[in-house]
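Asker: Oh and the sequence shown: position 37 is 54 in the working numbering, straight run, nothing missing.
Sharing a structure, written as structure tokens. Questions coming.
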Amino acid sequence: MIQLEAVRKSFGSQIVLDGVDLEIATGETVAVLGRSGSGKSVLLKQVARLLRPDGGVVRVGDVEMSGADKSTVMRVRSSMGYVFQFAALFDSLTIGENIALPLRRAGISAEESRTRVIDVLETVGLPDQSDRYPAELSGGMRKRAGIARAVVARPSYLLYDEPTTGLDPVTTAVIDGLMLEMKRDLQATSILVTHDIQSAFRVADRLALLHGGRVRFEGTPDETRSSDDPLVRAFVEGRQELWPPDSV
Ligand SMILES: Nc1ncnc2c1ncn2[C@@H]1O[C@H](COP(=O)(O)OP(=O)(O)OP(=O)(O)O)[C@@H](O)[C@H]1O
Ligand SMILES: [Mg+2]
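Here it is in structure tokens:
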């Protein structure tokens, strides 16, 4: 389970999160939507304790992340896959080496690692790219390599930050399929941050809309589709860019 309770986060005088409550049950996938700058990445980073909240509680399983000591945080992170919004691969390592990192940390043998890296690269549609360096790949390919690295160790928790943004529809469908597979096979407890409402509908059990520093709406795909909240409607209909900031 992942739980956020009354989470607040500001940068200087800018209040980004102003009391976020969100619970993701074990095995559940919740999509977090919201306009650019609404604090989706900030929310996700607090779950991995890459950022600490100013107030409130973030729990992953039975661990209260903001108060946990370093070794506890490392233990939780080793059960977590994180797809960063901007891939965040190590430039000096090949794609294969990047993807093998979580396996090495988990103490998996070099031989087993090689097989798993080949398999996962195949799954994300990057066969034969293992020996190339991140700089030699396109943005979309790097993104897929980042996804491969996040899922390769079969984690209990998965945090996806815009995994399909900038990908073509075919690759998006492949990544959606991969997320569904992770959900089905690993019962991974997952947060999917996305602008892509169709991807959210395909993959998520519930959707949450972040607005004004809080969760403005939460519901199943069906509840989301039938909501008459104008902001939800704007997201469902793909008109979110038409909303000027703070007009709703
Ligand atoms: N480390 C930081 N220092 C200062 N301000 C930050 C920091 N990280 C995020 N912010 C600010 O917090 C706000 C929310 O940022 P965040 O990256 O969470 O947005 P987002 O919802 O993920 O947007 P996008 O959809 O564009 O990725 C932004 O105004 C951003 O400038
Ligand atoms: Mg973001």
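Even for Gly, the Cβ is constructed at its ideal location relative to N, Cα and C.
For residue 211 and residue 115, I'd like the C-alpha separation in whole angstroms.
Answerer: Rounded to whole angstroms, residue 211 to residue 115 spans 24 Å at the Cα level.
Asker: If you measure from each residue's Cβ to the nearest non-hydrogen atom of ligand 2, which ones come out under 7 Å, in chain order?
Answerer: Cβ-based neighbours of ligand 2 within the cut-off: 57, 58, 102, 178, 179, 210.
Asker: Tell me whether residue 223 sits in a helix, a strand or coil according to DSSP, three-state version.
Answerer: Three-state DSSP puts residue 223 in a strand.
Asker: Mind checking residue 241: buried by the 16 CB within 10 Å criterion, or exposed?
Answerer: That one is buried.
Asker: Would you list the one or two residues that DSSP bridges to residue 48?
Answerer: Answer is 209, 224, bridged to residue 48.
Asker: Alpha carbon to alpha carbon, how far is residue 28 from residue 132?
Answerer: In a straight line, the C-alpha of residue 28 is about 43 Å away from that of residue 132.
Asker: Just to confirm my understanding: we take residue 97, look at its own chain, exclude 5 residues before and 5 after, and list those with CB closer than 7 Å. What are they?
Answerer: Cβ within range, chain order: 65, 172, 174, 176.
Asker: Return the first residue and the last residue of the beta strand (DSSP E) that residue 269 is part of.
Answerer: Residue 269 is absent from the model: the chain starts at 18 and stops at 265.
Asker: DSSP three-state call for residue 63: helix, strand or coil?
Answerer: Note: residue 63 maps to helix in three-state DSSP.
Asker: With DSSP collapsed to three states, give me the class of residue 112.
Answerer: Of the three classes helix, strand and coil, the one that applies to residue 112 here is helix, per DSSP.
Asker: Under DSSP, the alpha helix (DSSP H) around residue 193 begins and ends at which residues?
Answerer: Element bounds for residue 193: 186-203.
Asker: Under three-state DSSP, which class holds residue 159?
Answerer: Correct three-state label for residue 159: helix.
Asker: Relative to the alpha-carbon of residue 216, which residue among 36, 46, 23, 41 has its alpha-carbon at the smallest distance?
Answerer: Minimum Cα distance to residue 216 is reached at 46.
Asker: Using DSSP with H/G/I as helix, E/B as strand and the rest coil, what is residue 68?
Answerer: In this structure, residue 68 counts as coil in the three-state DSSP scheme.
Asker: Pick out whichever of 165, 120, 127 has its Cα sitting closest to the Cα of residue 139.
Answerer: Per the Cα distances, 165.
Asker: Look at the alpha carbon of residue 126 and the alpha carbon of residue 203, and state the distance between them as a whole number of angstroms.
Answerer: Their backbone Cα atoms lie some 21 Å apart in a straight line.
Asker: Report buried or exposed for residue 179, applying the criterion of at least 16 other Cβ atoms within 10 angstroms of its Cβ.
Answerer: Buried, since its Cβ has 16 or more Cβ neighbours within 10 Å.
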